[in-house]
């Protein structure tokens, strides 16, 4: 059975076909082609309308007949850009060639430019399918790109977020093996931190903490969503011990996490701060205690010194009584210095700056230092090269030396030699001390203490001057020694230099600016002669009967009309009814403090002169007195100083602000 | 349905109500998919759950949501995502509706698991079309109304759609009457 397509069926099935006769003239043209160019009519030469692009054969009838099996590309010259793709069929009976095919189109844009639509293609033409496929694949590609961009953005966001966190977040499995760890780990592990992945987290932390953690991980009852919290210790990449706050959350059943989430927060500094706060609170309490004791002690010393001075004044110079009393006074003055040091330590003593010879100070301290360090140690001093003239607070500088010498002792637990040297150094350029503080060019007194002890590592030296840092173990050192030393030296305009080597010893030098002035000599001024009698009515107010008695004795001997009151309220009553030229008032008293009393007294009689006495400056009362311009006499004072100060106030030589 | 449909639901909700509402709808629907992939086939139940949850969260009837979705599909998903395909499918509303079956048959090459509906369009009077719609899914007539209204906007022609007969079961036709103005070409 043979079939033949009618012309109409052929036109419907192949709207872009055309038929050629042996002269290569158009016999028929499909409706699709005709719609694109109406001039393409039967009878016109095919070469007017088409150029054969492929195959590379002559565009003549016989050549086409010989190559009917090939795919043909015909450029349609009537429509710009239109190329037809199809095949040539030869009908020998009718002596014609059929071109059956359609437009070769790469995309819908090209189709639109050619003036064609999907409906112009016959349903069997797979070109339309291909165009739809390309269009949808292109959209899918954009979709995939959008998804990838979203994924990248989400990842970057997560990385930035977790990277900015000061905490470390990680995921471990039940055995402690790290599956993920955030970049914060580099703080503890250095750049190699991420390499912890695949390794055991437990091996990284302190053995005891790891054991506690392992027990949790191995606990079968520690199930999904269970939490755990503990502190863990580890050594970071710089060899420094850190304490981390660790939190666990069991998310092994979570399909996204699939492990145990670990959060690590470095609490080392917080814990240290807490320790320091406790230390400060303890020291503050200690300081208050020391200050209070010093106050009472100063009162006692004042009594001792005053009576001893009175007795010495009455004794014959050169007699054994005179010499004995002189020794008592020296001892009492030493005790006074000791009290001063206690107050200096508790920061409750005013800085008393004067020109002094550091050589004299060292010479004076050698005996005491020798006793402090003990028999196992040999103290050698080489101070001949310099007088060590500087301006400073002798009490503080003594404390500096004591601290440094004690450190030298502690660096040699088995004993050894400690050398103290003094020299004058001229620098012509600025120098930076061990903490980088600049010392301007100039002349300095340098005191160097050398030991041949254990020395310090670089890390220890870096922290040696930090408050509360100590290598001496719990209870053996406050960690305040060198911090205090540095503070005092810096207050004097000086600096500290340290030369140390592990196992070889340490050389501590503190430099102080040289002074050209002559040091003030600690000479006890001569006791005023009996003939220098004074006049004036003086009211002494102090809650210590001993103080009252001795002041009465000293001032009475000078001719003053002295009245005593141990209670401020009684003193106030006396002022109401009796004339008073000068009131000598203790700062700290029960019932009413000295400043309150003075305020009330001056309100009654602003002409009364006032002299305050104290051995303890920690309270705000003294600041009020100073602000009011009231002169202050520091206990323990000598009878000479008392008499001189009273006279100065009465004579108006010492300022007193108007009430 | 393909992810393309769910993407369109997502796009419509986010454009109209924001990301938070979309997350609430997903949560309400119990859909735990972060991002739909356009050429991936998803269970029809996901789409239905989203529409149902959307109805609850937005306090809109499912019909209103389907109708809004139909319009969004034409104007945003198709016209924005496949503009050339839309142009190639016809220059006028009747031509476009008439070519829909052919378009769907070609789209099947790309989405082999697609179960597209069939459209048959006949101009019964000047400016009046009778559109027969047949689908394996029932109850989507409101969406077809939205689609036809969206096409009216796409071709900038006034349109009025009414449902003449709803499908009673899968595979039976629904019939719509569409009155439209003079087509002036795509936007």
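Chains as they are written, first to last, in this note's numbering: chain C, 1 to 659; chain B, 1 to 187. A virtual CB, placed ideally from N, CA and C, is assigned to each residue, including glycine. Small disclaimer: the values here were computed from a predicted structure and weren't measured.
- Message: Give me, in chain order, the residues of the same chain whose beta-carbon lies closer than 6 Å to that of residue 83 (chain C); leave out the 5 immediate sequence neighbours on both sides.
- Response: One-based indexing of the first chain puts residue 83 (chain C) at position 83. Excluding residues within five positions, the ones whose Cβ falls inside 6 Å are 73, 75 and 104.
- Message: Can you find the residues in the same chain that come closer than 8 Å, C-beta to C-beta, to residue 99 (chain B), ignoring five residues on each side of it along the sequence?
- Response: Mapped onto the second chain, residue 99 (chain B) falls at position 99. Taken in chain order, the residues that qualify are 89 and 90.
- Residues bridged to residue 443 (chain C) (per DSSP): Reading the first chain from its first residue, position 443 is the one you call residue 443 (chain C). DSSP output for residue 443 (chain C) lists C:426 as bridge partner(s).
- Message: Among the candidates C:139, C:22, C:67 and C:152, whose CA atom is the shortest distance from the CA of residue 93 (chain C)?
- Response: For this step, residue 93 (chain C) is matched to residue 93 along the first chain. Here the closest residue by C-alpha is C:22.
- Task: Say whether chain C places a C-beta atom closer than 8 Å to the C-beta of residue 87 (chain B).
- Result: As a working note, residue 87 (chain B) is residue 87 in the second chain. Interface residue, yes.
- Message: Taking 8 Å as the limit between beta carbons, can you name the residues of its chain near residue 11 (chain B), skipping five residues before and five after?
- Response: On the second chain, position 11 is the one that residue 11 (chain B) refers to. So the list reads 72, 76 and 77, once near-sequence residues are dropped.
- Message: Which residues in chain B have a C-beta closer than 9 Å to the C-beta of residue 112 (chain C)? List them in chain order.
- Response: If you number the first chain from 1, residue 112 (chain C) lands on position 112. Within 9 Å Cβ-Cβ: 84, 87 and 88.
- Quick one: list the residues of chain C neighbouring residue 41 (chain B), beta-carbon separation under 7 Å, in chain order. Looking up residue 41 (chain B) in the second chain gives position 41. Per Cβ cutoff of 7 Å: no residues; residue 41 (chain B) is ~13 Å from chain C at best.
- Task: May I ask you to report which of helix, strand or coil DSSP gives residue 104 (chain C)?
- Result: On the first chain, position 104 is the one that residue 104 (chain C) refers to. Residue state, collapsed to three classes: coil.
- Please check the pair residue 378 (chain C) and residue 359 (chain C), which I expect to be a contact at CB under 8 Å, by giving their CB distance rounded to whole angstroms. Numbered from 1 along the first chain, position 378 holds the residue referred to as residue 378 (chain C). Numbered from 1 along the first chain, position 359 holds the residue referred to as residue 359 (chain C). For residue 378 (chain C) against residue 359 (chain C), the beta-carbon gap comes to about 20 Å, at or over 8 Å, which does not count as contact.
- Item | Residues from the segment 139 to 168 of chain C in contact with chain B, defined by Cβ distance under 7 Å | 139, 140, 143, 147 and 150
- Residues of chain B with CB under 8 Å from residue 108 (chain C), in chain order? The residue labelled residue 108 (chain C) in the question sits at position 108 within the first chain. Chain-order list of chain B residues neighbouring residue 108 (chain C): 84, 85, 87 and 88, by C-beta distance under 8 Å.
- Message: Using beta carbons (cut-off 8 Å, strictly below), is residue 128 (chain C) in contact with chain B?
- Response: Residue numbering aside, residue 128 (chain C) sits at position 128 when the first chain is read from its first letter. Answer yes: the Cβ-Cβ gap between residue 128 (chain C) and chain B drops below 8 Å somewhere.
- Message: DSSP three-state label for residue 56 (chain B), please.
- Response: In the second chain, the residue the question calls residue 56 (chain B) occupies position 56. If DSSP states are grouped into helix, strand and coil, residue 56 (chain B) belongs with the helices.
- Among C:294, C:559 and C:542, which one has its Cα closest to the Cα of residue 565 (chain C)? As a first step, residue 565 (chain C) is located in the first chain; it is residue number 565 there, counting from the start. The option with the nearest alpha carbon to residue 565 (chain C) is C:542.
- Item | Identity of the residues DSSP links to residue 458 (chain C) by a beta bridge | Mapped onto the first chain, residue 458 (chain C) falls at position 458. Answer is none; residue 458 (chain C) lacks a bridge partner.
- Query: Taking buried to mean at least 16 other C-beta atoms within 10 Å of its own C-beta, is residue 117 (chain B) buried or exposed?
  - Reply: Within the second chain, the letter at position 117 stands for residue 117 (chain B). Flag for residue 117 (chain B) reads buried.
- Flag this pair as touching only if the segment 19 to 30 of chain B and the segment 154 to 166 of chain C have three or more C-beta atom pairs under 8 Å; answer yes or no. no
- Could you check which residue in C:147, C:17 and C:239 has the C-alpha nearest to that of residue 459 (chain C)? As a first step, residue 459 (chain C) must be located in the first chain, where it is residue number 459. Ranking the options by Cα distance to residue 459 (chain C), first place goes to C:239.
- Query: Do the CB positions of residue 38 (chain B) and residue 4 (chain B) come within less than 8 Å of each other?
  - Reply: Mapped onto the second chain, residue 38 (chain B) falls at position 38. Mapped onto the second chain, residue 4 (chain B) falls at position 4. Yes. Within cutoff.
- Task: Hey, could you find the ends of the beta strand (DSSP E) residue 129 (chain B) is sitting in?
- Result: As a working note, residue 129 (chain B) is residue 129 in the second chain. Per DSSP, residue 129 (chain B) belongs to the beta strand (DSSP E) from 128 to 134.
- Task: Could you tell me the distance, in whole angstroms, from the CA atom of residue 167 (chain B) to the CA atom of residue 120 (chain B)?
- Result: Here residue 167 (chain B) corresponds to residue number 167 of the second chain, with the count starting at 1. Here residue 120 (chain B) corresponds to residue number 120 of the second chain, with the count starting at 1. When rounded, the distance between both Cα atoms is 14 Å.
- Item | Sequence-distant residues of its chain with Cβ nearer than 8 Å to residue 16 (chain C) (five each side left out) | Taking the first chain and counting its residues from 1, the one referred to as residue 16 (chain C) is at position 16. So the list reads 30, 32, 33, 84, 86, 101, 102 and 103, once near-sequence residues are dropped.
- Task: Quick one: list the residues of chain C neighbouring residue 99 (chain B), beta-carbon separation under 9 Å, in chain order.
- Result: If you number the second chain from 1, residue 99 (chain B) lands on position 99. In chain order: 117, 118 and 119.
- Task: Please state if the CB of residue 148 (chain B) and the CB of residue 178 (chain B) are separated by a distance shorter than 8 Å.
- Result: Walking along the second chain from the start, residue 178 (chain B) turns up at place 178. Walking along the second chain from the start, residue 148 (chain B) turns up at place 148. Yes, Cβ-Cβ distance for residue 178 (chain B) and residue 148 (chain B) is below 8 Å.
- Compute the Euclidean distance between the alpha carbons of residue 174 (chain B) and residue 66 (chain B), then round it to the nearest angstrom. Numbered from its first residue, the second chain carries residue 174 (chain B) at position 174. Numbered from its first residue, the second chain carries residue 66 (chain B) at position 66. If I take the Cα positions, the gap works out to 16 Å.
- Task: Using a Cβ cut-off of 8 Å (strictly closer), state whether residue 671 (chain C) contacts chain B.
- Result: The structure shown does not extend to residue 671 (chain C), since chain C spans only 1 to 659, so no value can be given for it.
- Query: Which residues bound the alpha helix (DSSP H) around residue 22 (chain B)?
  - Reply: Your numbering for residue 22 (chain B) matches position 22 in the second chain. First-last of the alpha helix (DSSP H) with residue 22 (chain B): 19 to 29.
- Take the Cβ of residue 97 (chain C) as the centre, count every other Cβ of all protein chains shown within 10 Å, and call the residue buried at 16 or more, exposed below. Against the first chain, residue 97 (chain C) aligns to sequence position 97. By the 10 Å Cβ count, residue 97 (chain C) comes out buried.
- Task: Taking residue 122 (chain C) as the query, report the chain B residues whose CB atoms sit under 7 Å from its CB, ordered along the chain.
- Result: Translated into the one-based positions of the first chain, residue 122 (chain C) becomes position 122. Those within 7 Å of residue 122 (chain C) in chain B number zero; the least Cβ separation is about 10 Å.
- the segment 412 to 430 of chain C contacting the segment 446 to 463 of chain C, beta-carbon criterion three pairs below 8 Å: The segment 412 to 430 of chain C vs the segment 446 to 463 of chain C: in contact.
- Taking C-beta pairs closer than 7 Å, name the residues in chain B that residue 132 (chain C) reaches, listed in chain order. Within the first chain, the letter at position 132 stands for residue 132 (chain C). At a C-beta separation below 7 Å, residue 132 (chain C) has these neighbours in chain B: 85, 106, 107, 109 and 110.
- Just how far apart, CA to CA, sit residue 374 (chain C) and residue 334 (chain C)? Your numbering for residue 374 (chain C) matches position 374 in the first chain. Your numbering for residue 334 (chain C) matches position 334 in the first chain. Rounded to whole angstroms, residue 374 (chain C) to residue 334 (chain C) spans 21 Å at the Cα level.
- Among C:203, C:637 and C:174, the one whose alpha carbon lies nearest that of residue 220 (chain C): If you number the first chain from 1, residue 220 (chain C) lands on position 220. It is C:174.
- Per DSSP, which residues does residue 17 (chain C) bridge with? Please list them. Counting from 1 along the first chain, the entry for residue 17 (chain C) is found at position 17. Per DSSP, none; premise fails for residue 17 (chain C).
- Message: For residue 71 (chain C), count the other beta carbons within 10 Å of its own beta carbon; 16 or more makes it buried, fewer makes it exposed. Which is it?
- Response: Reading the first chain from its first residue, position 71 is the one you call residue 71 (chain C). With fewer than 16 other Cβ atoms within 10 Å, it is exposed.
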